[in-house]
Structures are given as structure tokens and as C-alpha cells.
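**Q**
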Amino acid sequence: MNHARRWSDQLSEELGSGASAELLSVDNVSLSFGGVKAIADISFDILKGEVRAIIGPNGAGKTSMLNVINGFYHPQEGIITFRGKQRRRMKPYQAAASGIARTFQNVALFKGMSTLDNIMSGRSLKMHCGFLWQVVHIGPARSEEIRHRRRVEEIIDFLEIAHIRKQPVGKLPYGLQKRVELGRAMAMEPELLLLDEPMAGMNLEEKEDMSRFIIDLNSEFGTTIALIEHDMGVVMDLADRVVVLDYGRKIADGTPAEVQANQDVIDAYLGVAH
Amino acid sequence: MLYREAGQFKTSYAADQALLPILQDRIGLSLILLVAFVGIPLLATDFFIGSVMIPFLVFSLAAIGLNILTGYAGQLSLGTGAFMGVGAYACYKLTTYFPDINIILLILFSGVFSAAAGVLFGLPSLRIKGLYLAITTLAAQFFLEWCFIRIAWLYNYNDSGAIEVPTRKLLDIAITGASATPVVRYLVIISVVTLMALVAANVLRGRIGRSWMMIRDMDIAAELMGIRPLRAKLSAFAFSSYYCGVAGALMVFMWIGSAEVESFDINHSFLVLFMVIIGGMGSLLGCFLGAAFIWVLPIIIRAVPQLIGLDLLAATTEHLTNIIIGVLIIFFLIVEPHGLARLWQLGKEKLRTWPFPYASN
Amino acid sequence: MDILHSIFVAPFIDMGAYPDFLLQVIWEGFVAGVLYSLIALGFVLIYKASGVFNFAQGIMVVFAALVLVSLHEMGMPAWVAVLVSVVVMGLLAIGVERFVLRKLVNQHDAILLMATIGLTLVLKGSGQLIFGGEPKPMITRELGLPTGASDWEVFGGVVIFQHIDIAATVVALLMVLALAVFFSKTRIGRALRAVADDHQAALSVGISLHQIWAIVWFAAGIVALVTGIMWGARSEVSFALEIIALKALAVLILGGFTSIPGAIVGGLVIGIGEKLFEVYWGALFGSGVEAWFAYVLALIFLLFRPQGLFGERIIERV
Chain Z
1 MNHARRWSDQ LSEELGSGAS AELLSVDNVS LSFGGVKAIA DISFDILKGE
51 VRAIIGPNGA GKTSMLNVIN GFYHPQEGII TFRGKQRRRM KPYQAAASGI
101 ARTFQNVALF KGMSTLDNIM SGRSLKMHCG FLWQVVHIGP ARSEEIRHRR
151 RVEEIIDFLE IAHIRKQPVG KLPYGLQKRV ELGRAMAMEP ELLLLDEPMA
201 GMNLEEKEDM SRFIIDLNSE FGTTIALIEH DMGVVMDLAD RVVVLDYGRK
251 IADGTPAEVQ ANQDVIDAYL GVAH
Chain H
1001 MLYREAGQFK TSYAADQALL PILQDRIGLS LILLVAFVGI PLLATDFFIG
1051 SVMIPFLVFS LAAIGLNILT GYAGQLSLGT GAFMGVGAYA CYKLTTYFPD
1101 INIILLILFS GVFSAAAGVL FGLPSLRIKG LYLAITTLAA QFFLEWCFIR
1151 IAWLYNYNDS GAIEVPTRKL LDIAITGASA TPVVRYLVII SVVTLMALVA
1201 ANVLRGRIGR SWMMIRDMDI AAELMGIRPL RAKLSAFAFS SYYCGVAGAL
1251 MVFMWIGSAE VESFDINHSF LVLFMVIIGG MGSLLGCFLG AAFIWVLPII
1301 IRAVPQLIGL DLLAATTEHL TNIIIGVLII FFLIVEPHGL ARLWQLGKEK
1351 LRTWPFPYAS N
Chain P
2001 MDILHSIFVA PFIDMGAYPD FLLQVIWEGF VAGVLYSLIA LGFVLIYKAS
2051 GVFNFAQGIM VVFAALVLVS LHEMGMPAWV AVLVSVVVMG LLAIGVERFV
2101 LRKLVNQHDA ILLMATIGLT LVLKGSGQLI FGGEPKPMIT RELGLPTGAS
2151 DWEVFGGVVI FQHIDIAATV VALLMVLALA VFFSKTRIGR ALRAVADDHQ
2201 AALSVGISLH QIWAIVWFAA GIVALVTGIM WGARSEVSFA LEIIALKALA
2251 VLILGGFTSI PGAIVGGLVI GIGEKLFEVY WGALFGSGVE AWFAYVLALI
2301 FLLFRPQGLF GERIIERV
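Just so you know, the protein sequences line up as chains Z, H and P, in that order. When we follow the working numbering, the leftmost residue of the first sequence carries the number 1, and every step to the right adds one. When we follow the working numbering, the leftmost residue of the second sequence carries the number 1001, and every step to the right adds one. When we follow the working numbering, the leftmost residue of the third sequence carries the number 2001, and every step to the right adds one.
1. Can you list the alpha helix (DSSP H) stretches of 4 or more residues lying completely in the region 1255 to 1291 of chain H, in chain order?
2. What distance in whole Å lies between the Cβ atoms of W1146 of chain H and G2288 of chain P, which are believed to be in contact at a cut-off of 8 Å?
3. Would R2057 of chain P pass as an interface residue toward chain H - the criterion being a Cβ-Cβ separation below 9 Å?
4. With H, G and I counted as helix, E and B as strand and the rest as coil, what does DSSP make of D117 of chain Z?
5. What separation, rounded to the nearest whole angstrom, lies between the Cα atoms of I228 of chain Z and I55 of chain Z?
6. From what residue to what residue does the beta strand (DSSP E) around T1176 of chain H run?
7. Which residues in the same chain as H230 of chain Z place their Cβ atom closer than 8 Å to its Cβ, once the five residues preceding and following it in sequence are excluded?
8. With hydrogens ignored, establish whether the beta-carbon of A226 of chain Z is closer than 8 Å to any heavy atom of the ligand GDP.
9. For the region 1101 to 1145 of chain H, which segments carrying the alpha helix (DSSP H) assignment without a break, of at least 4 residues, lie completely within its bounds, in sequence order?
10. Mapping DSSP to helix, strand and coil, what is N28 of chain Z?
11. Just the C-alpha distance for W2217 of chain P and I2188 of chain P, rounded to the nearest angstrom, thanks.
12. Are G78 of chain Z and L245 of chain Z closer than 9 Å when you measure CB to CB?
13. Should I156 of chain Z be labelled buried (16 or more other beta-carbon atoms within 10 Å of its own) or exposed?
14. To the nearest angstrom, how far is it from the Cα of I2300 of chain P to the Cα of R1168 of chain H?
15. Can you list the alpha helix (DSSP H) stretches of 4 or more residues lying completely in the region 78 to 143 of chain Z, in chain order?
16. According to DSSP, is D209 of chain Z helix, strand or coil?
17. Going by alpha carbons, who is nearest to L1230 of chain H out of H:F1121, H:A1174 and H:L1187?
18. What separation, rounded to the nearest whole angstrom, lies between the Cα atoms of M1 of chain Z and V234 of chain Z?
19. Can you tell me whether P75 of chain Z is buried or exposed, with buried defined as 16 or more other CB within 10 angstroms of its CB?
20. Let's test the definition: count the other Cβ atoms within 10 Å of the Cβ of I1294 of chain H and tell me whether it reaches 16, buried, or not, exposed.
21. Hey, how far is the Cα of T2116 of chain P from the Cα of M1084 of chain H?
22. Give the single residue among P:D2020, P:A2219, P:V2067 and P:Q2200 whose Cα lies nearest to the Cα of K2136 of chain P.
23. Among Z:V265, Z:L31, Z:A21 and Z:R179, which residue has its Cα nearest to the Cα of T63 of chain Z?
24. Would A1062 of chain H pass as an interface residue toward chain P - the criterion being a Cβ-Cβ separation below 9 Å?
25. To which residues does DSSP link F33 of chain Z through a beta bridge?
26. Could you tell me which chain Z residues have their CB closer than 7 Å to the CB of N1202 of chain H, listed as they occur along the chain?
27. Can you list the alpha helix (DSSP H) stretches of 4 or more residues lying completely in the region 173 to 248 of chain Z, in chain order?
28. Against chain H, with Cβ distances strictly below 9 Å, would F321 of chain Z count as a contact?
29. In this structure, how does DSSP classify L1019 of chain H when only helix, strand and coil are distinguished?
30. Between Q177 of chain Z and the rest of its own chain, which residues show a CB-CB distance below 8 Å, the 5 nearest in sequence each way excluded?
31. Out of curiosity, what's the CA-to-CA distance linking A1162 of chain H and P1055 of chain H?
32. With S1269 of chain H and G1079 of chain H assumed to form a contact (beta carbons below 8 Å), what rounded beta-carbon distance in angstroms separates them?
33. Strictly below 8 Å CB to CB, what residues from chain H border R277 of chain Z?
34. If you draw a straight line from the alpha carbon of I42 of chain Z to that of A252 of chain Z, how long is it in whole angstroms?
35. Just verifying my parser: in three-state terms, what is the DSSP assignment at L2143 of chain P?
36. How many angstroms separate the CA atom of K250 of chain Z from the CA atom of G271 of chain Z?
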């Protein structure tokens, strides 16, 4: 938590000096399925280097928002600007190539592969060795594999999962699966990391571990993070800024303290008598 | 006691990523290769080589092809037989037009044609998943079968509608056609199969193989990690069909010597699928185990009643084989979906810890 | 230009010139389509209730018909043989549920498909072992099914209707109606729809999945028996039907895996389509196009409407 505070101090300094840049901005995005509006005219931005939380009650459109950001859903209206490039429609793999990685609400690991292979799969975009070299698996193909293995081993060390390196992920306990999934996203070395409920279903100790990884990832590697989380304690401690959604609309945006004091947010969470 | 990697420390990632990191496995494989390349040609009878080993190897190669697509890339195909046929007919046409080019090269090249057919029929896989895709491969199966009958050009307008393999030589030794001895044909096949199995192992453990497995396990996550689904799926179709095509060409040129459309019908597609299921999806070793099992089982069923004095009709053994294979498929899917290959692995685990069954790692 | 003419113009001129022949072709296609629909119906029943893509439906048709014919050969009166065949299909359903489905709960659908391919082999092997592999005639007369044909003079020509074809259509219609009533009006039917919707939710309100699965497989078995009788009466009871039955898969693609109306419409479209294509366009390609027409049509259709004629649009989630 200290890390987070320190980081936000640093951030405000940067803000003061005007050095902070907008990494991603979402402008007037609307998304609907058939007649159902999942997201209605939402705008917000994510600054380089910050931890940005997206919160809201169930069904508020948080996951849909992430799906829009990384190209899985195509919004009917609105523009998304990432690293200065504007787009509305983009394929998920193009989003990945432009530097967006994510984890999933329900763990979406490659179940038939080992921890090591799962994290290696995060390096896919950085490996280019051609088919013919792959066939013989000597020279460039081999050295490329080993180079990336070294990087992956660093991530394995960072996440403290060396002991399950060669185990198939399908049989790991849930908390470890979430950690492997984080490792897989880290291996992409993304500019922007989207975490969809990274701590759902975890016990306190596991949550603390995960929080520590997120803070370190943000402060040591400088990765910008956008996370969805229901545990308000975690959100308030980790996030630099929070955007609140309800029924597909944005109802608040600001620092954790501002959001906590916002009457609309309180109404959305506690319900309000009409 | 014997099978244990204790004391074999890896000091580099290269050593850890080797195909066979454990010494005992390397010794075992070397022994198998020694037997396959030297022992069998020297000692085995022509019947054993011609009726057991050669079909076994051909089907192993086809099973590798299907396993790449189904076991590694997760795209169920029921059109293996037809893709084998494309390779066989392509090879036949090639050697008709270019009789002077070495037949082994032509066999290896004929796979390119079935790879192209694979890509063509794999195109729908971008929009269609799972069971639906299995049905589009049925379209490939029946459409190509029809082509093998209707396009007389494919079999050089023979009245019989069959292709007859001409004699082709390498260094004055006949390697195809009626005059080629089983041993020679066997040596050609085992060389091709060994080489191609090695290539498959290399591709599967690298970037490309991983991209297939990513698509198989969780296609959405794979796409969000930068894998292009179309490219990954089509490359799997191409690579897989190449193997099936070469297997088909080998089957006709090196094993049965002539072929008509029945050699590539849907029953063969199923046969190879059974090999993959029983051998183990997602395992190269499983391809060999499955092919051996399915090919050898009928031979045993034929032989055993004779040994104990029963006289079964040929048809009866065929029906019994069907029942047993069917039961085994269900059994394996229920008990061990990863087939014989996983059983083998479990056996090795047991060996590692023997005689202390509860010791882990 | 010639080729365009023979694809786009000549066949339609032929159709217009001999409308009685066209009508005959459509009728033949229609009847074949009815039988495809019946096989597809068996698939849909099982898929809806258990999510299993039952590859064995085709062989179940052959198996059921073989049991019936063989029982009659052994001296059983026709209607007793029918009842015993129904019992056999019931036992098969219970066996499949107990020894296959129950053990494969929650498996990937491709695994379930492959298990039914295994089941196909078992049924085929045991059918051939017990009853022999040779084709057998169906006991049409003994079952009281009509034979013979009627002529209908129309468009200055004659269209021939085989009575058995008319009977097949009527029986198929009755069966679809019976199933519809069964699904919408009975307690088991409601439970079945609940299971089709959500396995776990159905379980939680006290519906037994095992029971439901056995019942749908039994229902599919009865559909198979009826299909087998009709098919057998039109030609003969043989294992060759197994390959033809695969066309029902193409029917399912057109109709969607879960829609009974879809199965019927899909079957008719494919039955009529392939007959028309064979008769009017077949010569262009060299005959035998019936072997692949259904699949290629399904393939093309899939590219434009992956969810089938009556399926709902699929929204993917992560």
C-alpha cells in the first residue's frame, strides 16, 4: 500500500510538471446487444503509469468495457484512443499487438498446458522465428526459445510459482491459477494491463499476495493497470483513480476519496428509495 | 529403481528444453530406433514387415497428421481419408508427368497438394467451431471421394478406375512397384516416418505448436494474446493435411501398390480417428501406440482363436474387432481421455517412485 | 457462355417443359427429405436434453430395423416383434445412459461425440455379429403398411405416388405431433425442457438427469425404429444406410442442433434440393453429386448463418 501511495505522489508530481500522458481514452462509447444497452455513452481516460479501477454493481457493464477496450466487442458508437491511435473497430489480436494484455473474470488459462508453457504463450507476439527454423529447431529457433524462457523464468520468480513450473495448470488450486494468468499477461510486457476481478474468490492471504504483485508490477515495471474489483478495501488501497459504472452509465470518476463521498455511488451500491 | 532422473541436473535452459530430457528415455529411443532400422530388416519375415510394420508406420504417420489437427489444434476432422487420397493421387500424377524425379521426393512433395486441400476446407474453421466444423470436414470427405471417381484424369483414364503404382528405382534398386521387396519399402517408410515425426516434435514444442494449443484450449484468450485465429487454424490444417497426404502417398506407393476410391473412404477417416483417440490426443507417442493397437488388434483376434482351436470366420473377427474397438474407445474416453500415451506416462511415474509408491517427485 | 447457359437457363427450361416430371422429382426428394428429417429428429431430441451429439443415431435406425426383421424371421408375429423391438431400444437407452453418459458428465462435447462414435462401432459390430451383415427385406406387408402405387394425371403427364411413401409422410407427421404434445403437455416433457435449458438448475429443482437422459434416448430409439421401418420398406434394411444417415448431420446444420421444426425443414430442403440438383444439374458435373450435395450446401450455408435457420444469434462472453 505504501508503494501505491508513493506512486500516486509521484504521479501527482508528474501531473504538476505536465509530464504525465494519457495512455488510453474512451470517448462516448456505446455498446448494445440487440435491444439491450450494455454500455451507454461512457467516457474516461487512463493515464500512463496509474492504477485505474473500474467498479460498479453486477451487470454495470464493467467486463463489457474491458471487452471493448481490447477489441473483443465492437462498440456501435464512440472512439477509443490508445497511445495516440484512434479506433473503433479492432481485432483482439491487433489490440494485443498494440500493447494491451488482460486477465479474465473466470480463469481463462490454457488448461492442457503447463505453467511454463502458459507463460511462454504470453511471449507469442515477441517470437518471430520462421517455420523452417522451427522445423529443425536449431540455431535461431532454439536461441529465441531460450531467450524468452529466461524472461519467463524471471516472471515465475517474481510471482513465486517456481514449484509449479512444469505442472499442468488445470489441476492447480484457484489462487495459483489466477497467479499464473497474471504471469501470462505480464509475459506480454504490455503497456496497459487489464485485470478483470483479479481477487475474486480468494481468501485474505491470497488477496494480499495478489495486491503485492499488482503494486510491484505497477511501481517496479511501470505497467499501467486497469482493474475491475468488488473488494472495496482493495480498490481504495490500490487505485489512483476510480471510475464507477451503474447500468451501463458512468456515475462517478475521481480519486478513491472523492468516489467514496459521491452520493450517486452510495445510492448505486446501497439502493435508493424512489 | 532403473527409471529415475535423480542426479541428472540441468544446468541450462537448452538442456531443460531438450526433446528427451531424461537419459533413460534417450537410451530407450535409441534402442527402439536400432531395432527398427537394423534389427527388423535383418531378422523379421517378409510377412511381418509387409503386413504389420509397413501398415503400422503408414497409419502412424496419418495419425500424427490428424493428431496435430485434432489433438493439438482442437479442430475435429472426419476427412482424414480424403486428405490421404489427395496425397496419393497427387503423387500418382506427379510421377506420371515426371517419371525421372526420385519417387521419394515426389511422395514428400505430394503432401503439399493435400495441404492446399486442407487449407481450402479449413477456411470455414474461422467462423465455425467444434461439431459444426466436423461436419464441414465431412463435406471435404464426400466431395473429394466423388472427385476421385469422377475425374478420370486423376487415375490416367484407367478402365478400372484404380491407380497402379509403376516401378520406380533409386540407385538401381526398385523401391516402388511389384518388384520392390518389403525390406526396401520398409526402410524407405521408416526413414520418412522417423524424419517427419522429429519435425512434428520440433514444430509442436515451438512457437507455432504453442499457438495451436492456445487455440485449442481457449480460443478467445489466445486471440486476446495476439494469436491470429485464422492463421493458426489454417496452418494447423495445412501442416496436418501435409502429413496425411504423405501418409496417403506412402500407403499407395509403398504398401498396397494400387488404390481406388475405397482406400480413402470415410471408414479410413474413422480408423485414423480411433487410433488418435485410443493412442492419446495431443501426444506424438500416442499416434504410434494407437496405430499399433488398432492395426495389431485384428491380427491378434484372428490368431488367438486359431491357437486355441476355434475356427472363426473372417467376417466374425471383423465384427468382434469393431465391438472391441468401440468398447475401448468409450472406455478410454471415460477412464483416460489421453489414451495409451497417458497410461504409459503413468507407468513411468510408478517406475520412478518404485518401490516407494507414495513418494512424490 | 455455354456453361452459364447450362447452369442458369437450360435446367429451368427443362423444368418448365415437363412440369409433371418436375413434380415427380420434387415428390421423390420430399420423401427422402422426410426420412432425413426423421433421423435428424432423433439427433435433436438427444442433443437438446443432454448436449450429446449422437453420431450413433444412424446406426440405431439400422439396428432397430434389424432387430424387428430378425425377430419376425424367428417366428414372432409382426406386432409382437415391434413391441419387443421397442423394449430392446428401451434397454439400449438405459444401457447407454448407465454405462456411457453417466460416466461422461461435464465432458467436452467433442469427447461426447467421439463416445457416440464408439457406440456406433459397438452397435454395428454386434448388429452384424448377431443378425449377419447381409441386407434384409422389411416386413412391410406383415406390419399392415400399404404397398403399390397410385397415378395422378396432372400437367398432361403422370406423377406416380408409392403408397408406402405417403404412409411414411403421414407416420412422420403423426410422430412429430406426438412428440410436440409430449414435450408441451406432460410432466416429463416439461422436465425435459428444463434440462435442455440448464442442467444444474434442473437438478436443483429435483429433476433426475439420469432418468431424463434414459427417456430421451428411448424416445430417439423409437424414432429410430419408425425411421428404420419406413426406410426399410422403401428399399431394404442394410448397413449401407449408415453412410446415408450422415446426411442428417447436414440437415442439422441447416436446421440448428436444437430445433425440431429446423430438423424438419432442413431435411426437406436437403432432400428436395439434392434430387433437383442431381436430376437437373448432375449431368454437368458427372452424376453422383447426391453424395456430397447435402454437405456442400450445409457448408455454404454455415458461412452465412452459423447458428442455423432457427437458431439464435450467438453472443460470446469472456
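Built from N, CA and C at the ideal position, the CB exists for glycine as well. Note that the coordinates shown come from a computational prediction; the quantities given were computed from them, not determined experimentally.
**A** With the given structure in hand:
1. Within the region 1255 to 1291 of chain H, the complete alpha helix (DSSP H) segments of 4 residues or longer fall at 1266 to 1279, listed in chain order.
2. G2288 of chain P to W1146 of chain H, Cβ: 6 Å. Contact.
3. Checking the sequence, you will find Gln at residue 2057 of chain P rather than Arg. No - not a single Cβ of chain H is within 9 Å of the one on Q2057 of chain P.
4. Note: D117 of chain Z maps to helix in three-state DSSP.
5. Separation of I228 of chain Z and I55 of chain Z (C-alpha to C-alpha, rounded to the nearest whole angstrom) is 6 Å.
6. Segment I1173 to T1176, the beta strand (DSSP E) holding T1176 of chain H.
7. Result list for H230 of chain Z: I55, E197 and A200, in chain order.
8. The ligand GDP is not among the ligands present in this structure, which contains no ligands whatsoever.
9. Whole alpha helix (DSSP H) segments, 4+ residues: 1103 to 1122.
10. Reduced to three states, the DSSP call for N28 of chain Z is strand.
11. Roughly 13 Å between the two C-alpha positions.
12. G78 of chain Z is not a Cβ neighbour of L245 of chain Z, given a cutoff of 9 Å.
13. So I156 of chain Z ends up on the buried side.
14. Those two C-alpha atoms are separated by around 42 Å.
15. Taking only runs of at least 4 residues, the alpha helix (DSSP H) segments lying wholly in the region 78 to 143 of chain Z are 92 to 97, 115 to 121 and 131 to 136.
16. Three-state DSSP puts D209 of chain Z in a helix.
17. Per the Cα distances, H:F1121.
18. Note on M1 of chain Z: pLDDT 42, under 50, position unreliable in the model; no value is reported.
19. By the C-beta density criterion, P75 of chain Z is buried, having at least 16 other C-beta atoms within 10 angstroms.
20. Classification for I1294 of chain H: buried.
21. The alpha-carbon atoms of T2116 of chain P and M1084 of chain H are separated by roughly 25 Å.
22. Of the listed residues, the one whose Cα sits closest to K2136 of chain P is P:V2067.
23. Checked all of Z:V265, Z:L31, Z:A21 and Z:R179; the closest Cα to T63 of chain Z is Z:L31.
24. Output row for A1062 of chain H: interface = no.
25. Answer by DSSP bridge pairing, in chain order: Z:V36.
26. Those within 7 Å of N1202 of chain H in chain Z are Q134, V135, V136 and H137.
27. If we require 4 residues or more, the alpha helix (DSSP H) runs fully inside the region 173 to 248 of chain Z come out as 174 to 187, 204 to 220 and 232 to 238.
28. The structure shown does not extend to residue 321 of chain Z, since chain Z is modelled only from 1 to 274, so the question has no answer here.
29. Looking at L1019 of chain H - three-state DSSP - the assignment turns out to be coil, as it is neither helix nor strand.
30. Same-chain partners within the cutoff: V107, L109 and V169.
31. Using only the alpha carbons, I get a separation of about 20 Å.
32. Between G1079 of chain H and S1269 of chain H the Cβ distance is about 6 Å, and since that is below 8 Å, they are a contact.
33. What is shown of chain Z runs 1 to 274, which leaves residue 277 of chain Z out entirely.
34. If I take the Cα positions, the gap works out to 11 Å.
35. DSSP places L2143 of chain P in the coil class of the three-state scheme, outside both helix and strand.
36. So the two alpha carbons sit approximately 16 Å from each other.
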